[in-house]
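Following: one structure in structure tokens, then a few remarks.
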Amino acid sequence: MIKIAILGMGTVGSGVVAIMNKRGENIKNKVGTELKVEKILVKDNSKKREIELPPEVLTYNVEDILDDPEIELIVELMGGEEPAYEYITKAISKGKSVVTANKLVIAKYGDEILKLARENEVQVSFEASVAGGIPIIRPLKESLVANRIEEIYGILNGTTNYILTKMTQERIEFDKALEEAQRLGYAERDPSSDTKGFDAAYKIAILSSIAFETSVDADSIYIEGIEGVTLEDIKLADELGYVIKLLAIGKKYDDGLNIRVHPAFISKNHPLAMVNGAYNAIYLYGDAVGDVMLYGKGAGQMPTGSAVVADIIQVAKDINYNRLDTHSLGAPRNQQIKEINQIDNSFYLRIQVLDKPGVMSQVTKVLGDNHVSLSAVSQKHMLTPIVPLVLITHPVKEENMRKSLYELENLESVVKINNLIRVEKKHNG
Ligand code: NAP
Ligand code: HSE
């Protein structure tokens with residue numbers, strides 16, 4: 000028998016216990032011995048639990064778990080940086096293996112945690128930390144390992160994809176869609192981690208570290224969330240043949256990496272355009288395999304529970320058969336992440352201008368002087384002195400686009416810069 004402990008019994012923890020109860024016999028056969036949930040750590044002793052548990056299993060004191068030498072595997076499902084990081088490192092130092100769904104801790108401290116695990120001859124697995132139920136960590140480390148991975152495009156955050164889908168399909172306002180995502184258990188304890196793009200950034204940092212064999216520092220990733228995306232942008236995107244998605248992008252060039260998270264216009268024909276609701280997808284290109292797309296539920300109790308229990312089975316099996324499987328997250332940090340200003344992209348620009356002769360030529364002059372060329376222009380006819388102007392550019396260095404914006408802001412005929420959103424193609428180069 001292998002004794003395990005679970006830290007956290009919220010959305011994901013409850014799903015893990017439900018799956019383990021339902022699939023107990025099958026899990027036992029796969030591991031080669033029985034798995035017993037010896038202890039579950041929670042914080043709030045007044046909370047009604049979704050799953051009934053024997054009272055002796057619940058604890059409010061982590062030492063009951065860390066100091067129990069019979070517990071060989073810790074499953075961390077609390078989330079957040081602290082005390083999760085502290086408990087994970089203490090568990091490893093005491094010779095316990097760890098399964099976690101915590102992308103923040105893995106993105107920030109993955110190298111250090113895996114080094115500690117190697118020193119203590121234990122395992123750390125984190126499949127559920129990226130894209131919930133979609134298997135991506137193990138496929139990158141094993142099934143796709145023969146490839147040089149060149150590009151990753153991900154919809155990696157279920158909450159924001161749910162919000163953008165609701166705004167697109169039902170024209171529901173941002174705040175209402177976020178409330179629904181929270182009620183459905185998709186959002187982080189602090190949902191601004193989802194809406195501001197940090198959650199997706201942690202996930203692309205983890206994927207890029209593995210795929211590009213380098214240690215990617217999440218703090219050097221350019222991040223923009225979806226809070227600036229309005230129903231007006233979504234409606235205009237639709238009219239122009241696009242949808243807006245929060246993309247997490249990782250690309251490897253000979254002279255560095257391009258890693259970023261931001262909302263993007265993608266064509267309605269793009270494979271990622273069909274990924275809706277809390278679904279996630281990872282679309283990647285490997286030099287041997289070509290295009291690969293993985294699709295599934297990126298958040299929620301049972302999909303995430305599926306990935307966590309798979310890790311538990313794998314690690315428990317290795318414990319049972321006395322095998323040690325310690326993968327490194329990335330090699331040393333030897334590749335620079337390029338500044339966003341140096342990246343070429345097409346852009347959607349929405350501005351408000353005065354409806355009078357010569358305005359369009361002033362706007363296009365500013366853009367032309369900064370080497371920004373246009374692929375589409377749309378000006379709505381309105382019975383007001385101020386009219387909206389929507390422009391789509393050809394690819395141009397972000398630096399040039401930013402300089403144009405600054406100059407446009409200073410034109411008397413430009414009343415307001417409403418929004419600037421990048422337009423992503425399938426393979427941008
Ligand atoms: P959650 O519903 O907020 O549950 C967190 C659990 O941890 C609760 O049971 C809470 O105890 C416990 N906890 C928090 N701080 C604690 C502390 N200091 N001491 C003891 N217990 C503590 O979170 P979740 O949605 O299940 O997410 C858990 C992890 O999975 C996070 O890392 C998250 O990023 C990751 N994840 C979540 C999803 C998803 O769809 N939700 C998907 C993929 C990955 P109480 O119950 O007593 O409050
Ligand atoms: N809050 C995360 C999301 C949970 O919405 O994708 C899954 O990691």
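Mapping the sequence shown onto numbering that gives the first Met the number 0, position 154 (from 1) lands on 153, and the numbers just tick up by one. By construction, the Cβ of each residue, glycine as well, lies at the ideal position given by its N, Cα and C atoms.
Which residues in the same chain as Lys202 place their Cβ atom closer than 8 Å to its Cβ, once the five residues preceding and following it in sequence are excluded? Looking up residue 202 in the sequence shown gives position 203. Once the five neighbours on either side are set aside, the close Cβ partners of Lys202 are Lys102, Ala106, Ser128, Val129, Ala130, Gly153, Leu155, Asn156, Ala247.
Using the beta carbon as the reference atom, which residues fall closer than 6 Å to any heavy atom of the ligand HSE, ordered along the chain? Gly131, Asn156, Gly157, Thr158, Tyr185, Ala186, Glu187, Asp193, Asp198, Gly297, Ala298
Please state whether the Cβ-Cβ distance between Gly420 and Ala280 is less than 9 Å. Reading the sequence shown from its first residue, position 421 is the one you call residue 420. Reading the sequence shown from its first residue, position 281 is the one you call residue 280. Before going further, note that residue 420 is Ile rather than Gly in the sequence given. Contact: no.
Spatial neighbours of Ala145 within its chain, please: CB distance less than 7 Å, with the 5 preceding and 5 following residues excluded, ordered by chain position. Locating residue 145 in the sequence shown gives position 146, where the first residue counts as 1. So the list reads Ala287, once near-sequence residues are dropped.
Any chance the CB of Ser208 is under 8 Å from a heavy atom of the ligand NAP? By 1-based counting over the sequence shown, the position of residue 208 is 209. No, the beta carbon of Ser208 sits no closer than 8 Å to any heavy atom of the ligand NAP.
For Lys175, is the beta carbon positioned less than 8 Å from some heavy atom of the ligand NAP? Here residue 175 refers to the residue found at position 176 when the sequence shown is read from its first residue. Lys175: no, Cβ never under 8 Å from the ligand NAP.
Report yes if the C-beta distance between Ile87 and Val104 is below 9 Å; otherwise report no. For this step, residue 87 is matched to residue 88 along the sequence shown. For this step, residue 104 is matched to residue 105 along the sequence shown. Yes; because the gap between Cβ atoms is below 9 Å, this pair is in contact.
Nearest to Asp67 by alpha carbon, out of Glu75, Asn399, Ala90? Residue mapping note: residue 67 aligns to position 68 of the sequence shown, counting from 1. The shortest Cα separation from Asp67 among Glu75, Asn399, Ala90 belongs to Ala90.
Can you tell me whether Leu323 is buried or exposed? The criterion is at least 16 other CB atoms within 10 Å of its CB, across all chains shown. Within the sequence shown, residue 323 is the residue found at index 324, counting from 1. Looking at its Cβ environment, which holds fewer than 16 other Cβ atoms inside 10 Å, Leu323 is exposed.
Shortest alpha-carbon distance to Ile162 belongs to which of Lys175, Ile151, Glu150? Numbered from 1 along the sequence shown, position 163 holds the residue referred to as residue 162. Of the listed residues, the one whose Cα sits closest to Ile162 is Lys175.
May I ask whether a heavy atom of the ligand NAP can be found less than 8 Å away from the beta carbon of Gly295? Translated into the one-based positions of the sequence shown, residue 295 becomes position 296. No - the ligand NAP has no heavy atom lying nearer than 8 Å to the Cβ of Gly295.
Which residue marks the beginning of the beta strand (DSSP E) containing Lys38, and which one marks its end? As a first step, residue 38 is located in the sequence shown; it is residue number 39 there, counting from the start. Residues 34-40.
In DSSP terms, what Gly249 is bridged to: Position 250 of the sequence shown, counted from the start, is the residue given in the question as residue 249. The partner list for Gly249 (beta bridge, DSSP) reads Ile151, Ile258.
So, using beta-carbon positions, are Gly227 and Asn344 closer together than 9 Å? Within the sequence shown, numbered from 1, the residue matching residue 227 stands at position 228. Within the sequence shown, numbered from 1, the residue matching residue 344 stands at position 345. Not closer than 9 Å, so no.
Straight-line CA distance for Leu328 to Thr363? Along the sequence shown, one-based indexing puts residue 328 at 329. Along the sequence shown, one-based indexing puts residue 363 at 364. Answer to the nearest angstrom: the Cα atoms are 47 Å apart.
For the candidate residues Glu71, Leu76, Glu85, whose alpha-carbon lies nearest to that of Lys95? Against the sequence shown, residue 95 aligns to sequence position 96. Lys95 has its Cα closest to that of Glu71, out of Glu71, Leu76, Glu85.
Given a cut-off of 9 Å on the beta-carbon distance, is the pair Leu40 and Met77 in contact? In the sequence shown, residue 40 corresponds to position 41, counting from 1. In the sequence shown, residue 77 corresponds to position 78, counting from 1. Closer than 9 Å, so yes.
What do you reckon, are the CB atoms on Phe197 and Leu256 nearer than 9 Å? By one-based count along the sequence shown, residue 197 stands at place 198. By one-based count along the sequence shown, residue 256 stands at place 257. No; because the gap between Cβ atoms is not below 9 Å, this pair is not in contact.
With a 10 Å radius around its C-beta and 16 neighbouring C-beta atoms as the bar for buried, classify Pro262 as buried or exposed. Position 263 of the sequence shown holds residue 262. Around the Cβ of Pro262, a 10 Å sphere holds 16 or more other Cβ atoms; the residue is buried.
Secondary structure at Ile50, three-state DSSP: helix, strand or coil? Within the sequence shown, residue 50 is the residue found at index 51, counting from 1. Three-state result, Ile50: coil.
Which of the three DSSP states, helix, strand or coil, is assigned to Pro387? Taking the sequence shown and counting its residues from 1, the one referred to as residue 387 is at position 388. DSSP places Pro387 in strand when its eight states are reduced to three.
For Tyr185, name the three-state secondary structure that DSSP assigns. The count along the sequence shown starts at 1 and reaches residue 185 at position 186. In this structure, Tyr185 counts as coil in the three-state DSSP scheme.
Could you tell me if the beta carbon of Thr66 falls within a distance shorter than 8 Å of some heavy atom in the ligand NAP? For the purposes of this step, residue 66 is identified with residue 67 of the sequence shown, where counting begins at 1. Checking the displayed sequence, the identity of residue 66 turns out to be Asp instead of Thr. It does not: the Cβ of Asp66 is nowhere closer than 8 Å to a heavy atom of the ligand NAP.
Helix, strand or coil for Gln335 per DSSP? Translated into positions along the sequence shown, residue 335 becomes position 336. The DSSP-derived three-state label of Gln335 is coil.
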